[in-house]
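Below is one structure; the comments refer to it alone.
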Amino acid sequence: MREWAEPLGSILMKEIGKPLKSAISEISRTADIFEATSEAGSQIEGESMFGDVFKGFTRDKVSLTSRVPLGVILCIGPFNYPFNLTGSKIAPALMAGNTVIVKPPSQGAITPLYYGIILEEAGVPPGVFNIITGRGSELGDYLVSHPGIDMVSFTGSSDTGKHIAQVAGMKPLLFELGGKDAAIVLDDADLEKTVDAIVSGAFSYSGQRCTAVKRVLPMPGIADKLIQKVKEKTLLISIGDPAENKTIGPLINSKQCDYVQELIDDAVNKGAKILCGNKREGNILWPTILDNVTTNMRVAWEEPFGPVLPFIRIRSAEEAIEISNKSQYGLQGMIFTENIDLAFNIAQELEVGTVQINGKSERGPDHFPFLGTKSSGLGTQGIKYSIEAMSRPKVVVLNLSEKGKLVKDCKY
Ligand code: NAP
Ligand code: G3H
322 MREWAEPLGS
332 ILMKEIGKPL
342 KSAISEISRT
352 ADIFEATSEA
362 GSQIEGESMF
372 GDVFKGFTRD
382 KVSLTSRVPL
392 GVILCIGPFN
402 YPFNLTGSKI
412 APALMAGNTV
422 IVKPPSQGAI
432 TPLYYGIILE
442 EAGVPPGVFN
452 IITGRGSELG
462 DYLVSHPGID
472 MVSFTGSSDT
482 GKHIAQVAGM
492 KPLLFELGGK
502 DAAIVLDDAD
512 LEKTVDAIVS
522 GAFSYSGQRC
532 TAVKRVLPMP
542 GIADKLIQKV
552 KEKTLLISIG
562 DPAENKTIGP
572 LINSKQCDYV
582 QELIDDAVNK
592 GAKILCGNKR
602 EGNILWPTIL
612 DNVTTNMRVA
622 WEEPFGPVLP
632 FIRIRSAEEA
642 IEISNKSQYG
652 LQGMIFTENI
662 DLAFNIAQEL
672 EVGTVQINGK
682 SERGPDHFPF
692 LGTKSSGLGT
702 QGIKYSIEAM
712 SRPKVVVLNL
722 SEKGKLVKDC
732 KY
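Rendered as structure tokens:
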């Protein structure tokens, strides 16, 4: 993977329009994940317990627990990280001792095909790793409900995730789904740092990240300054060809552009103010900032997966918590403030997998636990967490008999 990071990154850039540098780093990040997973896999520990903790049992009952594979893991990844979010499933599945079937996304299918060559060269035996290509809408149900599949590890939209959950039957599911990550900005936040985090969080890869900053909730004392500075920085963002590493490039398809435009139009019709953007050429949408967004607008709740950033002005931390938690999503949240005690207390109230304090929402580093609540996911990923999710405990209980009791002058 490391040797081929550049050529594979270049294919990835052409497939999904990701800026070349980010596409190359998607490949090398995946190599790091494989390395870390192989180390973590070799450190998996078992456990033993004596029975005398519970009344009625003695130390003659001893459990020996180890982890065993689940069987065949079906790995389905999304278009926006087709190599990385397929690899972050393959590595733990293999390290836990499973065999793997990958169904790559239709857009972004070519780069993951190289896993076939990479893993063969790495010595994975025939039959252990398999790829099936085709549209999810055509072969998804067949694969997901197939009795030969023992677990589904899926990353994609919440709608597809809910559908898979319905057809999968009683299989373990590991899901990473959509998000609507909110940045709560309190009056005492460090302005420059907060602006940097919001702009890069909202607009890198044109907002096509599950962990993108998807709404900002600023307090009255900082809102005007913050919005002005976010606008100034957004106007400097490069737009154009991903081969030239422009931050904003074409969205994945024109249907997605239409959808993002629909959200912008709905907000404007209901009174939101456009501060920049709202321009389209082909599948490129200019980064768009909306001020005075209110909770009756679709953009306050729906995931655009595009370069649009709504500001919902709030009056108190309680209101911020309420708006954050009303979302059907619960991937990550952010709090920007110098008051760490208050940030910690707000973090306790947010119904999300992860809360970032003074930083943008993001998945990495990849050994951290990564999860979503509500419509944002099922189960926990992250190097050791993924290995655990893709294996199960196997318990053997020794019931010791009188025969082995130590007695005086034992002859054995
Ligand atoms: P998607 O449309 O749900 O597709 C995801 C994958 O599911 C693709 O491989 C797709 O195949 C396949 N699929 C579609 N229908 C299926 C079915 N009935 N059964 C089985 N598989 C099926 O999502 P996307 O547009 O690629 O990705 C964007 C979404 O993913 C966003 O909502 C984003 O937030 C979310 N996401 C979440 C995370 C996270 O970590 N939480 C990370 C990345 C992305 P086809 O391509 O052939 O349709
Ligand atoms: O799109 C979802 C990815 O898991 C986001 O990863 O935060 O490293 O861009 P990232």
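Here the sequence shown stands for residues 322 to 733, numbered as in the numbering used here.
Just so it is clear, CB atoms sit at the ideal spot from N, CA and C, and this is done for glycine as well.
This structure is a prediction, so every number in the text was calculated from the model and none was measured.
A distance below 8 Å separates the beta carbons of Gly-654 and Asp-502.
For Asn-720, the enclosing beta strand (DSSP E) has its first and last residue at 712-720. The C-beta separation of Gly-680 from Phe-689 comes to about 12 Å, leaving the pair out of contact by the 8 Å criterion. Contact between Ile-585 and Asn-599 holds: CB atoms are separated by about 6 Å, below the 8 Å threshold.
From the listed residues Val-423, Ala-344, Ala-326 and Ile-642, the smallest Cα separation to Pro-539 is found for Ile-642. Between the region 463-477 and the region 382-399, the count of C-beta pairs closer than 8 Å reaches three or more; the two stretches touch.
Here the alpha carbons of Arg-634 and Ala-544 stand approximately 7 Å from one another. According to DSSP, residue pairing for Tyr-650 in a beta bridge involves Lys-695.
Phe-657 and Asp-509 have their C-alpha atoms some 8 Å from each other.
In this model, Val-534 and Val-516 are separated by some 12 Å (Cα to Cα). Residue Pro-686 holds the alpha-carbon nearest to the alpha-carbon of Asp-353 among Ser-722, Pro-686 and Gly-725. If you check the CB distance, Gly-570 and Gly-418 do not come in under 8 Å. Here the region 547-555 makes contact with the region 516-531; the two share three or more CB pairs at distances below 8 Å. Every unbroken stretch of the beta strand (DSSP E) spanning 3 or more residues and falling wholly within the region 600-629 is given here in chain order: 609-612. Residue state for Glu-683 is assigned as coil, using DSSP reduced to three classes. DSSP lists Phe-691 as the beta-bridge partner residues of Gln-702. Cβ neighbours of Arg-536 within its own chain (closer than 7 Å, five residues either side excluded): Lys-501, Ala-503, Ala-621, Pro-631 and Ile-633.
Unbroken beta strand (DSSP E) stretches of 3 residues or longer found wholly inside the region 443-503: 450-452, 472-476 and 494-497, given in chain order. The criterion of a C-beta distance shorter than 8 Å is satisfied by Asp-587 and Met-618.
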